[in-house]
Structure formats: structure tokens, C-alpha cells
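Here's the structure, in C-alpha cells; my notes come after.
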Amino acid sequence: MTVSSSGGPNDALAESQWRRCPFTGRWVVMAQVRAGRPMDFARPAVRRDGAFCPFCGGNEEFTTAELAARRDPATPANAPGWRVRALPNKYPAVLSHVDGTINDHALFVSRPGVGVHEVFVESPEHFTSSSQLSAEQFADVLWIYRQRLCDVRRDARLRYGLVFKNVGALSGASLEHLHSQLLATPMLPATISDELASGASYYQRQRRCLFCDVIAAELAAGERIVATTDEWVAFCPYASRFSWETWILPRQHQSDFTCLTDGQLGSLGSFLRQILGQVEATLPLVSYNYLLHTSPFDTLALEHYHWHLEILPRVTSVAGFEWGAGFAINTLSPEKAADMLRQAP
Ligand SMILES: [Zn+2]
Ligand SMILES: [Zn+2]
Ligand SMILES: [Zn+2]
577 MTVSSSGGPN
587 DALAESQWRR
597 CPFTGRWVVM
607 AQVRAGRPMD
617 FARPAVRRDG
627 AFCPFCGGNE
637 EFTTAELAAR
647 RDPATPANAP
657 GWRVRALPNK
667 YPAVLSHVDG
677 TINDHALFVS
687 RPGVGVHEVF
697 VESPEHFTSS
707 SQLSAEQFAD
717 VLWIYRQRLC
727 DVRRDARLRY
737 GLVFKNVGAL
747 SGASLEHLHS
757 QLLATPMLPA
767 TISDELASGA
777 SYYQRQRRCL
787 FCDVIAAELA
797 AGERIVATTD
807 EWVAFCPYAS
817 RFSWETWILP
827 RQHQSDFTCL
837 TDGQLGSLGS
847 FLRQILGQVE
857 ATLPLVSYNY
867 LLHTSPFDTL
877 ALEHYHWHLE
887 ILPRVTSVAG
897 FEWGAGFAIN
907 TLSPEKAADM
917 LRQAP
């Protein structure tokens with residue numbers, strides 16, 4: 577990698593490159609390689625019974641080599657016998673090794689497209705809906721999130737790892753077999769910077785965690801609560817951007833998802849399965865994204881941040897006003913949404 581301060585608008589675009597928008601300061605990944613990704617969902621999604629699927633058990637030779645798996649100990653890597661697998665994404669947006677220069681031009685700032693992009697195959701069976709996974713399979717999926725985040729954070733170039741899942745055509749999923757992804761990046765996602773800043777400013781004034789206080793207030797009010805256990809809470813946030821948006825948080829303060837114990841993975845697996853089941857029962861065949869927001873790689877336990885899972889149903893697509901203004905329009909109140917989710921079977 578070379579450093580350049582004289583580059584400019586004509587610097588050649590590498591395979592993958594980070595470019596900073598001079599107007600908003602936000603980073604954009606230019607990922608040429610992704611043009612080759614599957615176009616399964618270029619048309620409205622249909623159930624493609626019988627079509628070849630590389631993620632199904634038995635088709636391991638058609639995927640990239642596994643990075644980690646939970647499998648029968650008597651079975652070798654990249655063979656059947658697994659319950660969940662982590663693979664390098666075949667069409668990565670960012671790359672671990674990439675050519676390119678650090679470019680600090682006054683207007684056109686870029687970085688090589690460094691990062692890690694992995695995919696987690698959540699079951700050997702061709703499941704397309706989360707409600708088909710057992711509670712144990714959910715715990716396996718959460719186990720692989722923890723395992724891969726712990727491993728990837730050791731790369732000193734990377735500051736953040738976002739785990740996310742796309743289900744259904746409107747969510748951006750390009751393969752229907754249930755899977756989630758990890759995108760680890762050298763810069764903090766803007767959403768995380770915003771949440772950290774709000775948490776830090778609240779902590780400075782109140783000496784308490786913003787998220788813990790919101791949890792306490794939601795539990796006291798009750799009207800936006802979807803479900804609770806001794807350890808977990810799910811509610812529709814006060815300023816939900818999406819109809820039926822639902823967040824899951826640990827009730828005990830915890831900033832870093834990788835600190836979860838095996839016991840917590842098991843109980844969270846059951847709880848997440850229950851909540852996604854309520855979402856899918858309320859909105860049959862809905863597309864949704866869920867995202868894991870945890871603390872940055874280079875932080876130790878934080879008093880002012882609290883990890884959480886955001887479930888974002890995609891009932892309508894983002895339109896002009898949202899893109900143009902950055903304001904979401906939500907036509908369903910979170911109070912009503914929580915009421916509907918509570919009544920789901
Ligand atoms: Zn499959
Ligand atoms: Zn907290
Ligand atoms: Zn968040």
C-alpha cells in the first residue's frame with residue numbers, strides 16, 4: 577500500500593475502494609466486484625423449489641472454504657455434518673488484501689477498500705424463513721457471530737464489525753437460503769458514531785447508561801413492550817423509523833456482544849426466535865433486516881453504550897423524502913405495532 581497526497585479525481589478505481597463524500601463526510605464503498613453477484617432477486621422473489629443452492633448441506637464444494645463452523649467433531653471442514661458455517665463472502669464489498677493508495681486530496685479522499693466480508697450459513701436445510709430454525713439453531717447462529725467478531729477484531733486495521741441479516745426480496749437478500757453477514761471496516765459506521773455520541777453525552781449529564789434508562793422507562797410504561805424475560809427485553813422504539821421496528825436488548829448493562837456467555841447465547845436464541853416468530857406471524861412473508869449494534873473493536877467495556885439487535889421490517893421501500901431529507905416517515909405508531917406483535921400467536 578502506498579500513501580499519496582497528490583491523487584485526485586482521476587485516481588484509478590481499484591477492485592474495492594472507500595471514498596469519502598466531501599459534502600456529508602460519509603464513506604461509500606466502491607465495490608466493482610459485486611457486479612458479479614447473483615441476481616436471484618432481480619425479479620420479484622419466488623420460491624425456487626428445486627433450484628440449485630450452494631448453501632445447502634452436501635454442496636460444500638461449491639462454496640468458499642469455511643472459516644469456522646459448528647459441526648459434528650467427527651466430520652472434517654468443508655464437508656457435511658455442520659450446523660452453522662462461516663465463509664468468506666464470494667462477492668465481497670471490501671477485501672482483506674487490496675491494492676490502492678491512501679489519498680488525502682483536499683476534495684477527493686479515498687482509502688483502499690480494506691475490510692472483511694463474511695457470510696454465515698444458518699442451517700444445512702434449505703430454510704428461507706427464520707421461524708423454521710429451532711432455538712438451538714438460533715443459539716448456533718449467535719455463537720458464530722460471537723466467534724467471528726472475536727477473531728476479526730484482532731486485525732488492528734479494523735475498527736468495527738457489523739453483523740446483519742437480510743431476509744426476503746425487499747431486504748436486499750441475493751440468496752434465499754437463510755444467512756447473515758459480517759462486514760468489518762476500518763471506520764466506524766455513522767449510525768454507531770451517532771449512538772455512541774448520544775450515549776456519551778447522556779452519560780456525562782446523568783452518569784447513567786442512556787439505553788439502561790430507556791429500558792427502565794419502557795418497562796415502566798409498558799405500551800411499547802413486545803416481550804420480556806428476566807434477561808431480555810424487546811420493544812418497538814419510541815421513534816421507530818420502520819413500521820413494526822423492534823429492538824432486543826439485554827436487561828443487564830452490557831456494551832460488547834462478544835462478552836456474551838454461552839448461557840446468554842442459549843437464552844437469547846430462544847428469545848430472538850420468539851420475537852422473529854411474532855414479527856413473521858403478524859406480517860406473513862415480510863422482508864426484513866436485522867442488525868447487531870455492539871461497541872467498536874478498540875474499546876473495552878463502555879459505561880455509556882449498550883449492545884442491541886434492531887429488527888427492521890421492510891413493508892414499504894424508502895422513497896424520495898427519506899433519501900432526500902434523512903427523515904423517516906412511519907405510518908404506524910410503535911404503540912400500535914407493539915400491541916399487534918404482543919397479540920401474535
Ligand atoms: Zn439452500
Ligand atoms: Zn446500559
Ligand atoms: Zn442501534
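Count the sequence shown with the working numbering and you get residues 577 to 921, in order. Ideal Cβ placement from N, Cα and C applies to all residues, glycine included. All values reported here derive from a predicted model rather than from experimental measurement.
As a quick exercise: from the options, pick the residue whose alpha carbon is nearest that of residue i.
i, options, result
"Thr805", "Asp789, Thr892, Pro813 and Pro826", "Pro826"
"Leu908", "Leu917, Ala901, Trp603 and Phe628", "Leu917"
"Cys629", "Val697, Arg647, Ala682 and Arg602", "Val697"
"Thr767", "Thr892, His869 and Val604", "His869"
"Gly737", "His753, Ala749 and Pro762", "Pro762"
"Thr822", "Arg661, His829, Trp808 and Ser831", "Trp808"
"Gln830", "Tyr864, Phe818 and Leu885", "Leu885"
"Tyr667", "Ala913, Ala650, Ala773 and Glu591", "Glu591"
"Val695", "Arg730, Phe740 and Val674", "Phe740"
"Val660", "Cys632, Gln782 and Arg735", "Cys632"
"Leu772", "Asp915, Leu841, Pro860 and Ser871", "Ser871"
"Thr858", "Ser706, Arg890, Arg730 and Ala920", "Ala920"
"Tyr778", "Pro889, Gly657, Glu879 and Ala644", "Glu879"
"Ser819", "Arg595, Phe873, Val855 and Asp716", "Val855"
"Leu836", "Tyr864, Ser769, Tyr814 and Ala877", "Ala877"
"Ala607", "Gln593, Arg890 and Arg781", "Gln593"
Please tell me whether residue i and residue j are closer than 7 Å, where the distance is taken between their beta carbons.
i, j, result
"Phe833", "Trp899", "no"
"Glu794", "Glu911", "no"
"Leu718", "Leu852", "no"
"Thr639", "Leu663", "yes"
"Ala810", "Ala803", "yes"
"Ser686", "Arg595", "yes"
"Val674", "Ala760", "no"
"Gly689", "Pro656", "no"
"Arg733", "Leu764", "no"
"Ala645", "Trp658", "yes"
"His702", "His755", "no"
Per DSSP, residue i is paired with what?
i, result
"Lys741", "Ser756 and Tyr866"
"Ser592", "Ala607"
"Ser686", "Arg595 and Asn679"
"Leu885", "Ile824 and Leu868"
"Val660", "Arg646"
"Leu671", "Val690"
"Tyr736", "Thr761"
"Phe696", "Ala662 and Ser756"
Any beta carbon of chain B sitting closer than 7 Å to that of residue i?
i, result
"Ser706", "As a matter of chain content, chain B is missing from the structure shown, which is built from one protein chain."
Minimum length 4: unbroken alpha helix (DSSP H) runs contained in the segment 740 to 818 | 766 to 782 and 786 to 797
Which residues are close to ligand 1, meaning CB closer than 6 Å to any heavy atom, in chain order?
-> So the residues near ligand 1 by this Cβ test are Cys629, Phe631, Cys632, His702 and His753.
Heavy atoms of ligand 2 versus C-beta positions, residues under 7 Å = Cys785, Phe787, Cys788, His829 and His882
Relative to ligand 3, what is the chain-ordered list of residues with a Cβ closer than 6 Å to any of its non-hydrogen atoms?
-> With the cut-off at 6 Å, the residues found are Glu771, His869, His884 and Glu886.
If you scan the segment 696 to 727 from start to end, which runs of the beta strand (DSSP E) of 3 or more residues do you find wholly inside it?
-> none
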